[in-house]
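Shown next, in structure tokens, is the structure this report addresses.
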Amino acid sequence: MKFIILLRGVNVGGKNSVSMSELTHYLINDGFTNVRTYINSGNLIVDSAKETEQDVLVKCQKILANYFSFPIDVLVISGEKYKMELASIPTWWGKDADYKHNALFLLPSANKEEITERLSTIDTTYEKVYMGEQTIFWSSTFKEYYSKTYYSKLARQPFYKKVTIRNRNTTLKLLNYLED
2 MKFIILLRGV NVGGKNSVSM SELTHYLIND GFTNVRTYIN SGNLIVDSAK
52 ETEQDVLVKC QKILANYFSF PIDVLVISGE KYKMELASIP TWWGKDADYK
102 HNALFLLPSA NKEEITERLS TIDTTYEKVY MGEQTIFWSS TFKEYYSKTY
152 YSKLARQPFY KKVTIRNRNT TLKLLNYLED
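Residue numbers (the numbering used here): 2 to 181.
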């Protein structure tokens, strides 16, 4: 069964350095097969005989704790669940070239109800937000009026550390890898 593994906050700004080739080696040694990475920011696609996301998550958490000296939040999504999540993408996500289009994947520690409630108050003049099952699809102006968006203040929000963010291109590339 295929799984997407997303690591939060690795290889960003020279901090929390994780060699994807080393991590690939550790995953293979622990029984994962067909391990692929996409760019150097913690995006992996693996096959595993383990049946559940939880089994794969626990295995990944152990590997990360054993080989890296800093905590790494990780999200595991089955290939089927990922495909279903992206099948519900709103038609506006990715349409406007002047907007930034991101997917915010909820980590296991995220409180979806609390986040949904907070996001329901956003002024949608300069941005649009859609809450999927496990992902927030977000488009916001990036040039003009960016400072007026909620997205521009996201890093100061309590739930910011409960998500891992991928841009639209990465999100769709991972979907393509599942279909290979």
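Glycine residues also receive a C-beta, built at the ideal position from the N, C-alpha and C atoms. None of the values given here were measured: they were computed from a predicted structure.
Buried or exposed (CB count within 10 angstroms, at least 16 for buried), residue i
i: T13; result: It is worth fixing the name first, because residue 13 is Val in this sequence and not Thr. Exposed, by the Cβ-count rule.
i: F160; result: buried
i: I6; result: buried
i: I29; result: exposed
i: F138; result: buried
i: E180; result: exposed
i: R9; result: buried
i: D99; result: exposed
i: Q55; result: exposed
i: R167; result: buried
i: Y146; result: exposed
i: K144; result: exposed
i: E115; result: exposed
i: V11; result: buried
Residue range of the unbroken beta strand (DSSP E) whose run includes residue i
i: N168; result: 164–168
i: L76; result: 75–79
i: K129; result: 128–132
Cβ of residue i within 7 Å of any chain B Cβ
i: M132; result: Judged by its chain identifiers, the structure shown contains no chain B, having just a single protein chain.
DSSP three-state assignment for residue i, whether helix, strand or coil
i: N41; result: coil
i: N67; result: helix
i: V57; result: helix
i: I29; result: helix
i: N35; result: strand
i: K16; result: strand
Continuous alpha helix (DSSP H) stretch holding residue i: start and end
i: T142; result: No alpha helix (DSSP H) contains T142, which is instead part of the beta strand (DSSP E) from 136–142.
i: L8; result: Looking at the DSSP string, L8 is not in any alpha helix (DSSP H); the run it does join, the beta strand (DSSP E), is 3–8.
i: A104; result: From DSSP, A104 is part of no alpha helix (DSSP H) but of the beta strand (DSSP E) over 100–107.
i: I116; result: 113–120
For residue j and residue i, the rounded distance between their alpha carbons
i: T125; j: L76; result: 28 Å
i: G32; j: G95; result: 37 Å
i: V164; j: G133; result: 13 Å
i: V36; j: T53; result: 17 Å
i: P72; j: L105; result: 20 Å
i: L173; j: Y151; result: 24 Å
i: K154; j: E118; result: 17 Å
For residue i, the nearest candidate out of the options (CA to CA)
i: N17; options: N103, G43, Y39, D48; result: G43
i: E81; options: V11, T142, Q135, M21; result: Q135
i: L175; options: V47, T122, E115, L107; result: V47
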